[in-house]
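In the working numbering, the protein residues as written are 70 to 373.
Here a beta-carbon is modelled for each residue, glycine too, at the ideal position from N, C-alpha and C.
If you're wondering where the values come from, they're calculated on a predicted model, not measured in any experiment.
Comments concern the structure below.
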Amino acid sequence: MAGISGHWAFAFGVLGNIVSFIVFLSPLPTFYKIYKKKSTDGYQSIPYVVALFSSMLWIYYTFLKTNTTLLITINSFGVFIETIYVGFYLFYAPKKSRVQTIKMLSLFVVGGFGAIVLVTEFLFKGAIRGQVVGWICLIFSLCVFVAPLGIVRQVIKTKSVEYMPLLLSVFLTLSAVMWFFYGLLLKDINIAAPNVLGFIFGILQIVLYIIYSKKEKAILKEQKLPEIQKPAVIVSDDNTNVANKKLPELTQEQIIDIVRLAGLLANTDKVQVATCPHDHANCGVKATPNIVENMPKLQTVEAS
70 MAGISGHWAF AFGVLGNIVS FIVFLSPLPT FYKIYKKKST DGYQSIPYVV ALFSSMLWIY
130 YTFLKTNTTL LITINSFGVF IETIYVGFYL FYAPKKSRVQ TIKMLSLFVV GGFGAIVLVT
190 EFLFKGAIRG QVVGWICLIF SLCVFVAPLG IVRQVIKTKS VEYMPLLLSV FLTLSAVMWF
250 FYGLLLKDIN IAAPNVLGFI FGILQIVLYI IYSKKEKAIL KEQKLPEIQK PAVIVSDDNT
310 NVANKKLPEL TQEQIIDIVR LAGLLANTDK VQVATCPHDH ANCGVKATPN IVENMPKLQT
370 VEAS
């Protein structure tokens, strides 16, 4: 039975290494943006400093325990990649952010990690030292897993999942599952216990993402403006169909009369027109007599 559990622990440890490797590489798009902007404005260095400190702490713990080789491999890669991230950040950060990052490095990496190593080396011996360091790792891991509560609170408050990366939440949840079973099969509570909380918070983030992403899509769908339809111009007639109605064609004599009428109007100095439907004697129409007499009479043609 011990051999079977050992094989399963190795399998989960390998899977945990693969998933954690992807999680460690997840900030690469962020640093590509920093490289393109040549500035770290809008980004903070504390997540990378904390991740560096956590990896160093777990490596120290693995040296005090047995059968934890797979923890050494992934956390060694964590120390390597997080050191690159912090160095890259320091290179492009403005003076104020650079000073803050150096202070945090001094607090966590130099002061915190150095103090833990010195205290446990001088005050504790043998297995007790491993237990103390394990409890320190457990407490710190719990603090790291509680950190996403800030993102959860922001999602609930703003009802938006804009700042919650779904893919990262999925991989963090998978990582918690793998390392939980790894610690459980090794009967190491310091490895298994923190990942229970990590799994719970990971599932919570995924559920919130699904709920609020659906709400966002529904809101966007409601806010879409209706398509503007082009107005159709319809000419209706009581007696004839629109499609079959044709304008009457003018005869040659009518065209000549229209041309004459246009010429006479162009030569008129002044034409006053007033409508007097009932009093024709006082109607205010004054025009030159010759023009009125010479106006051609249009022939009326009935439309077919």
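*Return helix, strand or coil for V265, following the three-state DSSP convention.*
In the displayed model, V265 falls within a helix according to three-state DSSP.
*asked:* If I follow the unbroken alpha helix (DSSP H) through G203, where does it start and stop?
replied: For G203, the enclosing alpha helix (DSSP H) stretches over residues 195–215.
*Please determine, among F249, G195, L159, K226, the residue with the shortest C-alpha to C-alpha distance to V135.*
Correcting the residue identity first, residue 135 is Thr in this sequence and not Val. For T135, the closest of F249, G195, L159, K226 by C-alpha to C-alpha distance is G195.
*Burial state of V224 (16 or more Cβ within 10 Å)*: With 16 or more other Cβ atoms within 10 Å, it is buried.
_Beta-carbon spacing of W127, L254 below 8 angstroms_ = Taking 8 angstroms as the Cβ cut-off, W127 and L254 do not qualify as a contacting pair.
*Specify, as a first and last residue, the run of the alpha helix (DSSP H) that S124 falls within.*
Where S124 is concerned, the enclosing alpha helix (DSSP H) stretches over 115–133.
*In angstroms with no decimal places, state the Cα-to-Cα distance between L376 and A120.*
Nothing about residue 376 can be reported from this structure: the residues present for the chain run from 70 to 373 only.
*Could you give the DSSP three-state label for T137: helix, strand or coil?*
Looking at T137 - three-state DSSP - the assignment turns out to be coil, as it is neither helix nor strand.
*Which residue's Cα is closest to the Cα of S282: G203, Q169, P234, V246?*
Residue P234 is the option with its Cα nearest to S282.
*A184: first and last residue of the uninterrupted alpha helix (DSSP H) it sits in*: That run of the alpha helix (DSSP H) goes 182–192.
_Does S89 come out as helix, strand or coil in the three-state DSSP assignment?_
Three-state DSSP puts S89 in a helix.
*Out of curiosity, what's the CA-to-CA distance linking L139 and F81?*
Cα atoms of L139 and F81: separation of roughly 10 angstroms, rounded to the nearest angstrom.
*When DSSP labels each residue in this structure, what does Y112 get in the three-state scheme?*
Per DSSP, reduced to three states, the secondary structure at Y112 is coil, with no helix or strand assignment.
*May I have the straight-line CA-CA distance separating F270 from M125, to the nearest angstrom?*
Approximately 24 angstroms, taken between the alpha carbons.
*Mind checking G75: buried by the 16 CB within 10 Å criterion, or exposed?*
Exposed, because fewer than 16 other Cβ atoms sit within 10 Å of the Cβ of G75.
*For Y154 versus Y117, is the C-beta distance shorter than 8 angstroms?*
The answer is yes: Cβ separation under 8 angstroms.
*Could you have a look at L255 and say whether DSSP puts it in helix, strand or coil?*
DSSP, reduced to helix, strand and coil, places L255 outside both helices and strands of the structure shown, so it counts as coil.
*Per DSSP, what kind of secondary structure is V230 in: helix, strand or coil?*
DSSP places V230 in the coil class of the three-state scheme, outside both helix and strand.
_If distances are taken between C-alpha atoms only, which option among V246, V188, G267, L192 comes closest to F209?_
G267 is the residue among V246, V188, G267, L192 whose C-alpha sits nearest the C-alpha of F209.
_Is it the case that the segment 272–279 contacts the segment 255–263, given that we only count it when at least three CB pairs across the two stretches are under 8 angstroms?_
Short answer: they don't touch.
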